[in-house]
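Input: a single structure, listed below in structure tokens.
6 protein chains.
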Amino acid sequence: MVKILIINPNSSADMTKVIEKNARDFAQDDFLVDCVPNPTAPDFIVTYDDISKTAPGMREILLEKQEDYDAFVIACHGDPNLDMLKEISQKPVVGIAEASMKIASMLGHKFSILLTGDRGVPAKENLVHRYGMERFLESIIIADCKGEGWKNQEGMIQAAEKALEETMAEVIVLGCAGMGHVTEAMQERLGVPVLDGVTCALIVAYGLAKKKIPLSKKRQYRNDNR
Amino acid sequence: MVKILIINPNSSADMTKVIEKNARDFAQDDFLVDCVPNPTAPDFIVTYDDISKTAPGMREILLEKQEDYDAFVIACHGDPNLDMLKEISQKPVVGIAEASMKIASMLGHKFSILLTGDRGVPAKENLVHRYGMERFLESIIIADCKGEGWKNQEGMIQAAEKALEETMAEVIVLGCAGMGHVTEAMQERLGVPVLDGVTCALIVAYGLAKKKIPLSKKRQYRNDNR
Amino acid sequence: MVKILIINPNSSADMTKVIEKNARDFAQDDFLVDCVPNPTAPDFIVTYDDISKTAPGMREILLEKQEDYDAFVIACHGDPNLDMLKEISQKPVVGIAEASMKIASMLGHKFSILLTGDRGVPAKENLVHRYGMERFLESIIIADCKGEGWKNQEGMIQAAEKALEETMAEVIVLGCAGMGHVTEAMQERLGVPVLDGVTCALIVAYGLAKKKIPLSKKRQYRNDNR
Amino acid sequence: MVKILIINPNSSADMTKVIEKNARDFAQDDFLVDCVPNPTAPDFIVTYDDISKTAPGMREILLEKQEDYDAFVIACHGDPNLDMLKEISQKPVVGIAEASMKIASMLGHKFSILLTGDRGVPAKENLVHRYGMERFLESIIIADCKGEGWKNQEGMIQAAEKALEETMAEVIVLGCAGMGHVTEAMQERLGVPVLDGVTCALIVAYGLAKKKIPLSKKRQYRNDNR
Amino acid sequence: MVKILIINPNSSADMTKVIEKNARDFAQDDFLVDCVPNPTAPDFIVTYDDISKTAPGMREILLEKQEDYDAFVIACHGDPNLDMLKEISQKPVVGIAEASMKIASMLGHKFSILLTGDRGVPAKENLVHRYGMERFLESIIIADCKGEGWKNQEGMIQAAEKALEETMAEVIVLGCAGMGHVTEAMQERLGVPVLDGVTCALIVAYGLAKKKIPLSKKRQYRNDNR
Amino acid sequence: MVKILIINPNSSADMTKVIEKNARDFAQDDFLVDCVPNPTAPDFIVTYDDISKTAPGMREILLEKQEDYDAFVIACHGDPNLDMLKEISQKPVVGIAEASMKIASMLGHKFSILLTGDRGVPAKENLVHRYGMERFLESIIIADCKGEGWKNQEGMIQAAEKALEETMAEVIVLGCAGMGHVTEAMQERLGVPVLDGVTCALIVAYGLAKKKIPLSKKRQYRNDNR
């Protein structure tokens, strides 16, 4: 049976549990899935500095667990250190931002990405550009979550609702791995697809592992270090 | 259990069987999958005229089978009539070109698409552009198949091998639904990911159906006709 | 004398008459022009499904009339089935969207396209992208036509006027073949170029026919079916 | 009757005559057309310095002749001073590069532009980019004309033929106003559309003048100087 | 010691003095810098016609002074005749728009360009496009300067402040050579980088001259005329 | 007097010395410049893993030295951790890739980047894309350096020479910080500008420090961690 490890780049036990629960709900009996935190990292990833601080722990987790799992998912919507992990890994590695944006682009004309603060907008726009998804991005929604961040379900739903009314957005992409718990409620309220990145990455990772499609080791992700 | 119908836009019983066999090999016990041909269409899709001739049959199949399946896959790498089927369908519809290109872009720097003739190059390039994948396309490979088309396994493998040696391609995308049978052999010979579009579309379609992620009916695919 | 046939992709006799009258007013003694409806199609083209339903009739009209005319114009601003008709035709075929956008881009910095509802926005944006005209599109204007659609002249003029005041638009492109009747009045009121797609396509089609410039049959529009 | 003035930006009487003859052959009885040289300019336009030296004479010609003609064509495939002339003119002004590239993009997948030396490649690529035509440019062909430039018909035809065989080009755009004389012979030999810029600009200019479609004077071409 | 000549494309003695003073304040003892007006040009550059009228004087200044200076700066934020001067010059020539936009893109996610009227917006957008800076442009700010133009310091600061609050702008680029005097006050008030184009161009020109990095004379700027 | 610190992301004392010597030759008496290696990093940076391993040392150097210098330069042509350092720094930080590509684009139509192996091509192309420089990149040149890498001067010069002959390249950008020693010899042999990234970054860093132009701390590089 396919086994997937979700690497939570931050050290939050709380968020790790939420992610793992949602992932297992999705996995059902198709595959085994675990989620581990990154103990040496900050407990929330916002800045470029945070991202660089997550690298050593993420590298270590991947190298240690590489034999035990068939694929890996990076559970932070900034896809931190994704290229590095693809390079050192012999198994598929999927980022939740790349998977969610690319699936979103198959479901409707344009998507909007939901954030809980404007600090992450530049990095998110650069990521959209990196993946060639500029044409499919309608807007980045900044939800007013009254200091509760990804735990404020109502704040997030209302911000997304407003975006659907006032812009050409047709699909919502949740811009943080911790937002997965709101997916069903938001999708029901809004009547449009709401994409949790972790689920999207699991969809792709499971497919790659099952069909034994590897990462290309031809050049970009060739592991010259080991 | 999730049920997926693969609609083969052409009328070839031969190709339908090959596609169905490969699809079931991939599905294993996760989901049920059937493949049906389009009896009123040409037996191979090359031209714009062919595409428009496949529309009535594809529409009819989808409308008739909509209650019986949880998701649909269009098994022609031109993604013929994909927008139309997404519009009339209440269930997810996935094109094999969109799925394979987007998954390819997650596996390496650039992909090349394998064709068996140059006639399809302009339409393929327009499709790549439509999906925002220009940056990830290294080249379109024209295999010399000595008139045997997608059945000439060796011709296709050698053409892909040459492209890997002479260009920056890191991933191969098979540019025809009928090429699925060559995937494993080519991947083994070349040592890079070789993507069969039908498998890629099944990966996405199965995930969408399982998680109950719908197409957006907000605007582009709103079904105003029914 | 050059003879041009305007194919109205829909079945509306009403709109066909309006288009033909405007076309003949423009043609004067330079060329003969007729407009025919597509009896087997819906009477207005909105959805992707509508577009695919117009294909058989459009193909039939073109094949039947090919010997009698020197060029063809597709009179729907979605350019439905344009690639297919270019492929099967031995004579020039011009779409009113491609002609009007490309001429608009020669007259001022940016143009806005006028629609009477937001349903068509995604398809229109994809068409703009297909033609490389993204840089020249300022906005898509949604006129509030109180249910009268393209017949509500005042609603369309006011919407365009507002766009000129509030955006950087410098040219107006009418987004529906049936809007041609408003061209002169709108241009006079607004003081900027207002482009009727049918006229723009006739300009190009007449020039191509007169100079005997064919469509390229080298690859994209090679007619392999006949 | 519509009257069009072709402004030849250079001072070559020779080239002016060739252009005028071709233009009148095309005009037939539809419109009157004259071509004037620019006596204060160099006799061939290659460099940026040449372009700036053509400006005073072109301005003067346009201002003097503005009342006598209904539209103007700039007969140099670098579209020199085109924005300036559009700005000072009350009548339509059409560049032969913009018209020929935009019409070329309606006739086939990709076009190649024929030059007689590599000096003009950077400026030509910048022009293609300015007009949003990058996607439709296959290549720039450098014909070896053995020092005879645009007068060496056979050198130009052979270079274009080679491009059609070795690249994905489907349409040829002649990259110099003086090449118009080769159009028919080249089109006949190559079997694909060969576009002379002057003819393309006349097609558009005649249509604009006949339909009384003005340049937009809203902002970019507002004449604040007079 | 490196000597740089700033060519003010317009004839305003007033603006020339302001530019020269700011330039010398920046130069300190590193290099000598002079600024000369263009006596045969209009006293302010707004239109395409203005630009073409500045060419003869700019050419003459450059050719006369070429031996006496090590680099040249064009002090108008439309970079008028920049390609032409690069072509005829044997020494580096730097435009203030190209230098300021490219430096701005190194300092923050997106910049906004400050203008004092909307007339210049189309030309500015085309310049941004010419330099590949579209991705880094947040907006063009139109300051309401109550008829005083670039002399109204408070009007410019307030407009930039508003843009920082309401948009994603992170850097301000002053869109006119005459605005240099406001740089320090605006930067202090707004707390973000405020770029004066003349300073940016001097930074680059001084570096090129000091390191003896020439313009490329390979093709685009090859001086075939002399 | 302005003081600039060049951070060499790798641990090579050898390369650090070469870089420092070239930098001081350029600085002359204008500014003080030091170069420090990154002792905890690999001695050459090739892979994504290398880049992530350079982060802790680069962070530490910058934080320790921040009070002592006025600007920082990152001396590796992959611009490793550049966004992170800009974020944590109160002083300007300039990457040698961003500076060299942007200056290259001011000197000629298109530049080519010189590498000594194909492994770095994907990361380099992504960097070019990140900076909006795609239009100005002619090619990436892979020099055959017979295992001597950036120390093989003749191998690099011959590869660049070939690129100038066979492509449209007009400017050479050295793709590694260690190649600076070859600049003068290559420029003299080839007759086109040859850009050493360290020099280019010093040009910009010195200008920013001298004029006291800060990084924007508005959003992307806001230091929320400290």
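Chains as they are written, first to last, in the working numbering: chain Z, 1 to 226; chain R, 1001 to 1226; chain X, 2001 to 2226; chain Y, 3001 to 3226; chain U, 4001 to 4226; chain G, 5001 to 5226. All C-beta atoms, glycine included, are put in the ideal place defined by N, C-alpha and C.
- Within the same chain, Cβ atoms closer than 6 Å to the Cβ of R:L1127 are found at A1097, the five residues on either side in sequence being excluded.
- Ranked by Cα distance from R:V1046, the options R:N1022, R:A1099, R:D1118 and R:L1063 are led by R:D1118.
- If you draw a straight line from the Cα of Y:A3169 to the Cα of Y:V3194, it comes to about 11 Å.
- Counting other Cβ atoms within 10 Å of its Cβ, G:K5162 stays below 16 and is therefore classed as exposed.
- Contact residues of the stretch 2081-2105 of chain X toward chain Z are absent (C-beta to C-beta distance below 8 Å).
- In the DSSP annotation of this structure, Y:E3148 is not part of any beta strand (DSSP E), being labelled neither H nor E.
- Using a CB distance cut-off of 8 Å, Z:Q66 does not count as an interface residue toward chain G.
- Under the three-state reduction of DSSP output, X:L2114 falls in the strand class.
- In this structure, the straight-line span from the alpha carbon of R:T1016 to that of Y:R3135 is close to 35 Å.
- Under the Cβ distance rule, R:Y1131 does not count among the residues neighbouring chain X, no pair being separated by less than 8 Å.
- Put simply, the CB of R:T1040 is far from chain X, with every gap to its CB atoms at 8 Å or more.
- Apart from the 5 residues on each side of it in sequence, U:D4030 sits with its Cβ closer than 7 Å to the Cβ of Y4206 in its chain, given in chain order.
- According to the DSSP assignment, R:V1073 belongs to the beta strand (DSSP E) that extends over A1071 to I1074.
- Residues of the stretch 3117-3129 of chain Y with a C-beta less than 8 Å from any C-beta of chain U: D3118, R3119, V3121, P3122, A3123, N3126 and H3129, listed in chain order.
- DSSP places Y:K3003 inside the beta strand (DSSP E), whose first and last residues are K3003 to I3007.
- With fewer than 16 neighbouring CB atoms inside 10 Å of its own CB, G:T5167 falls in the exposed class.
- With a contact defined as Cβ atoms closer than 8 Å, U:N4038 and U:N4010 qualify at about 6 Å.
- Each residue's CA atom was taken as its position, placing G:L5107 and G:L5114 some 17 Å apart.
- In this structure, U:D4049 lies away from Y:M3058, with their beta-carbon atoms at least 8 Å apart.
- In the DSSP assignment, Z:C176 falls outside any beta strand (DSSP E), carrying neither H nor E.
- Proximity of R:R1059 to chain X, defined by a Cβ-Cβ separation below 8 Å, is satisfied.
- Residue X:K2091 holds the alpha-carbon nearest to the alpha-carbon of X:Q2066 among X:K2091, X:D2224 and X:G2078.
- At the C-beta level, Z:V198 and Z:A177 come within 8 Å of one another.
- When C-alpha distances from X:E2138 are compared across X:R2222, X:V2171 and X:I2203, the shortest belongs to X:V2171.
- For Z:L62, the three-state secondary structure derived from DSSP is helix.
- Flagged as an interface residue toward chain X: Z:H109, by a C-beta distance shorter than 8 Å.
- Residue contact check for X:V2046 against chain R: a CB pair falls below 8 Å.
- Distance from the CA atom of Z:A13 to the CA atom of Z:A143, rounded to whole angstroms, is 24 Å.
- Annotation for X:Q2187: V2194 place their beta carbon closer than 6 Å to its own, counting only its chain and skipping 5 residues before and after.
- For Y:D3034, the enclosing beta strand (DSSP E) covers residues L3032 to V3036.
- Contacts with chain Y at 8 Å (Cβ-Cβ) do not include U:Q4028.
- At a Cβ-Cβ threshold of 8 Å, Y:I3074 and Y:S3112 do not count as neighbours.
- Around R:R1135, the beta-carbon contacts reaching into chain Z at under 8 Å are G132.
- DSSP places Y:S3100 in no beta strand (DSSP E) but in the uninterrupted alpha helix (DSSP H) bounded by I3096 to A3104.
- Excluding five sequence positions before and after R:K1086, the CB atoms of its chain that fall closer than 6 Å to its own CB belong to V1093, L1215 and Y1221, given in chain order.
- Going by beta carbons, Y:R3130 and U:P4122 fall outside the 8 Å limit.
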